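If you read the sequence shown in numbering that gives the first Met the number 0, its first letter stands for residue 0, the second for the next number, and so on. Built from N, CA and C at the ideal position, the CB exists for glycine as well. Quick caveat: nothing in here was measured; it's all calculated off a predicted structure. Here's the structure, in structure tokens; my notes come after.
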Amino acid sequence: MKELGDLLRQAREEQQMTIEEISEKTKIRTAYLEAIEAGDQSALPDEVYVRGFLRIYAKVLKIDPDEIIRLYDQDDQKIMARIQQPDDQRQSVLERRRARRRKKRIRFFLFVVLVIAGVGLYYYYLSTIGR
0 MKELGDLLRQ
10 AREEQQMTIE
20 EISEKTKIRT
30 AYLEAIEAGD
40 QSALPDEVYV
50 RGFLRIYAKV
60 LKIDPDEIIR
70 LYDQDDQKIM
80 ARIQQPDDQR
90 QSVLERRRAR
100 RRKKRIRFFL
110 FVVLVIAGVG
120 LYYYYLSTIG
130 R
């Protein structure tokens, strides 16, 4: 996203426009425009809004909006690929959690069976004493 932001900032500066002017024309908050140019996705709203912002921003700068969205998608895919890479350590932690949960369920089930058996034996004992 940083490269895309640099491209937009460069185009804006070539046209001698300020962020405030772009904000006025596009009705996009200056904070969002600054975040786009800085490549700071954490300061941006949901992706659907960012895509809209990029399209509008590109039109004002007379850049092909489809090309900007394509660049955004490429950056987004790279980020998602990095996030979704399997991490062996993370996998082993998840497997250990699952194993612990399984053991807890088995212990609980055995406890319930023992309680039911105990109650059954108690009533059986009471019924044999009464005879």
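In three-state DSSP terms, what is residue i?
i, result
"Q73", "helix"
"P64", "helix"
"L53", "helix"
"G38", "coil"
"D5", "helix"
"L43", "coil"
"I27", "coil"
"G129", "coil"
Under 8 angstroms Cβ to Cβ from residue i, same chain only, skipping five residues before and after it: list those, please.
i, result
"Y71", "M0, L3, V49, R50 and L53"
Can you tell me the Cβ-Cβ gap for residue i and residue j, rounded? I've got them flagged as a contact below 8 angstroms.
i, j, result
"Y56", "I18", "With a Cβ gap of about 11 angstroms, Y56 and I18 do not count as contacting."
"I35", "V59", "Between V59 and I35 the Cβ distance is about 12 angstroms, and since that is not below 8 angstroms, they are no contact."
Using C-beta distances below 7 angstroms, list every residue in its chain close to residue i, excluding the 5 sequence neighbours before and after it, in chain order.
i, result
"I82", "Here the model assigns I82 a pLDDT of 46, short of 50, so the residue's position is not dependable, and the following value carries that caveat. So the list is empty, once near-sequence residues are dropped."
"Q9", "none"
"E23", "none"
By Cβ distance below 6 angstroms, which residues in the same chain neighbour residue i in space, the five residues on each side in sequence not counted?
i, result
"G117", "none"
"E66", "none"
"A42", "A34"
Report the option in the options whose CA atom is closest to the CA atom of residue i.
i, options, result
"V47", "I68, E36, T29 and V59", "I68"
"P64", "L7, G129 and S126", "L7"
"E12", "P44, A30, K61 and D45", "K61"
"D74", "Q40, L113 and K103", "Q40"
Is residue i close to the ligand GTP? I mean its beta-carbon at under 7 angstroms from any heavy atom of the ligand.
i, result
"F107", "Questions concerning the ligand GTP fall outside what the structure shown contains, since it holds no ligand whatsoever."
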